[in-house]
Amino acid sequence: MSDRPDIGDAVPDTAMEAAGGGSVKVSDFSGKPLVLFFYPKDDTPGCTVENKDFTELKPEFDGLGVALLGVSKDPPKKHAKFIAKHELTAPLASDPVEGGLADALGIWVLKKMYGREYMGMERSTFLVGADGKIVHVWRKVKVKGHAAEVLEAAKAL
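Spelled out as structure tokens, the structure:
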């Protein structure tokens with residue numbers, strides 16, 4: 139799909155709901171690189187592993203001066219429970235609105251499972267430079283080893 143932002147494009151500065159209340163957007167991280175990882179649903183097996191992997195590597199990302207932000211359509215209250223249950227340290231945001239950041243990035247897509255079609259989040263990660271432009275994109279992410287791969291790319295910044 140050519141209408142999806144790619145390397146060199148600016149990430150839209152769309153406000154999302156922070157897990158702890160208030161709002162968060164990409165410009166809040168201006169001046170430092172950001173790993174923006176989108177996942178389908180809190181407390182599902184793959185999403186839990188992905189969030190735990192980013193949490194485990196967060197000290198290394200912090201050491202590089204790289205911020206983390208996980209995003210799904212789940213509401214802030216569900217994020218708060220997910221964070222508490224799994225002791226997650228990577229902040230989470232909720233992108234529930236139609237036309238939100240997931241839509242702008244082209245990752246709120248038509249999915250098929252068991253012959254049923256539905257709209258869902260394509261597991262994707264964007265490494266955003268300090269200037270707000272996309273440096274690296276991972277689409278249709280496989281969870282195993284993904285956070286470590288993103289960390290390696292962040293080290294190259």
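Under the numbering used here, the first residue of the sequence shown carries the number 139, and numbering increases by one thereafter. We put the CB at the ideal spot given by N, CA and C, even for glycine.
(Q) Counting beta carbon pairs with one atom in the region 151-168 and one in the region 245-259, are three or more of them shorter than 8 Å? (A) Remark: fewer than three beta-carbon pairs, one from each stretch, lie closer than 8 Å, so the region 245-259 and the region 151-168 are not flagged as touching.
Q: With a threshold of 16 other CB atoms inside 10 Å of the CB of Pro183, please say whether the residue is buried or exposed.
A: With a threshold of 16 other beta carbon atoms within 10 Å, Pro183 falls short and is exposed.
Q. I think Asn189 touches Gly203, with their Cβ atoms under 8 Å apart; what is that distance to the nearest whole Å?
A. About 21 Å; that fails the 8 Å criterion.
Q | Cβ-Cβ distance between Arg261 and Phe167 below 8 Å | A | No, the pair does not count as a contact, with Cβ atoms beyond the cut-off.
**Q.** For Leu248 and Ala292, the rounded distance between their alpha carbons
**A.** Cα to Cα, Ala292 sits roughly 30 Å from Leu248.
Q.
For Gly208, list the residues DSSP reports as bridge partners.
A. Looking at the DSSP output, Gly208 shares a beta bridge with Phe175, Leu230.
Q) Counting pairs of Cβ atoms below 8 Å between the region 280-291 and the region 147-157, do you hit three or more? A) No, the region 280-291 does not touch the region 147-157.
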